[in-house]
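With the UniProt record's numbering, the residue at position 49 of the sequence shown is 49, and numbering never jumps.
See structure below.
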Amino acid sequence: MKTEPEDSTFFLRLFMALPIAKIGFMTGHRSFTGLDEGNLKGHFKGILLSTISRDVKNGVFPFAICVCESENIHSWRWLLRLLKEFIGEENKRYMFMSDRPKGIIGALELEWLGINLRLCVRHIDANFRRSGPQ
Numbered sequence: 001m002k003t004e005p006e007d008s009t010f011f012l013r014l015f016m017a018l019p020i021a022k023i024g025f026m027t028g029h030r031s032f033t034g035l036d037e038g039n040l041k042g043h044f045k046g047i048l049l050s051t052i053s054r055d056v057k058n059g060v061f062p063f064a065i066c067v068c069e070s071e072n073i074h075s076w077r078w079l080l081r082l083l084k085e086f087i088g089e090e091n092k093r094y095m096f097m098s099d100r101p102k103g104i105i106g107a108l109e110l111e112w113l114g115i116n117l118r119l120c121v122r123h124i125d126a127n128f129r130r131s132g133p134q
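What follows is the structure, encoded as structure tokens:
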């Protein structure tokens with residue numbers, strides 16, 4: 001958990017992943033990892049950053065989340081740095097997929113050098129249809 005300033009009780013970010021999720025991820029996942037974000041609604045506002053994979057039966061396998069103050073390169077870098085510490089690199093090839101949320105491309109380039117990034121065409125198309133050409 002990160003607070004701001006460091007000696008304060010003001011909540012800034014929280015990373016959560018269970019050890020059993022790491023075992024499942026390392027033994028039964030495919031090298032594909034999806035990254036997504038969503039707005040938290042209700043009394044406590046914020047952003048939920050999530051990481052998911054597919055298991056050997058093609059089921060969704062969520063393994064780490066982050067609750068943070070806003071969606072930006074700093075919060076994505078924080079999540080990706082802790083994710084790398086959590087699962088380790090161990091010379092495995094990982095591929096990340098996203099719909100280009102704010103800051104993710106820059107954060108991946110800084111935290112996971114040489115990583116494969118794929119963009120979700122279905123989400124990009126839906127965003128394009130909703131907002132029109134930029």
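By construction, the Cβ of each residue, glycine as well, lies at the ideal position given by its N, Cα and C atoms.
Report the CB separation of residue i from residue j in whole angstroms; it is logged as a contact under 8 Å.
i, j, result
"Phe63", "Thr51", "6 Å"
"residue 145", "Glu37", "Outside the displayed range of the chain (1 to 134) lies residue 145, so it cannot be described from this structure."
When we look at the beta-carbon of residue i and count the other beta-carbons within 10 Å, is it buried (16 or more) or exposed?
i, result
"Ile20", "exposed"
"Gly46", "buried"
"Ser98", "buried"
"Glu71", "buried"
"Gly114", "exposed"
"Phe44", "exposed"
"Phe10", "exposed"
Going along the chain, which residues of its own chain have a beta-carbon closer than 6 Å to the beta-carbon of residue i, five neighbours each way excluded?
i, result
"Met1", "Leu14"
"Gly106", "Ile73"
In three-state DSSP terms, what is residue i?
i, result
"Ile20", "helix"
"Lys86", "Looking at the sequence itself, residue 86 is Phe, so the reference to Lys does not match. Phe86 falls in the helix class under three-state DSSP."
"Gly59", "coil"
"Met97", "strand"
"Gly28", "helix"
"Ser70", "coil"
"Ile65", "strand"
"Glu37", "strand"
"Gly106", "helix"
Can you tell me which of the options puts its alpha carbon nearest to the alpha carbon of residue i?
i, options, result
"Met16", "Ile104, Trp78, Glu4", "Trp78"
"Asn116", "Lys57, Tyr94, Ser131, Phe44", "Tyr94"
"Arg54", "Phe44, Gly34, Lys84", "Gly34"
"Lys57", "Gly24, Leu48, Ala126", "Gly24"
"Lys22", "Ile65, Phe96, His43, Asn39", "Ile65"
"Leu48", "Phe61, Ser75, Phe96", "Ser75"
"Met26", "Arg129, Glu69, Lys84", "Lys84"
Using C-beta distances below 7 Å, list every residue in its chain close to residue i, excluding the 5 sequence neighbours before and after it, in chain order.
i, result
"Lys102", "Glu71, Asn72"
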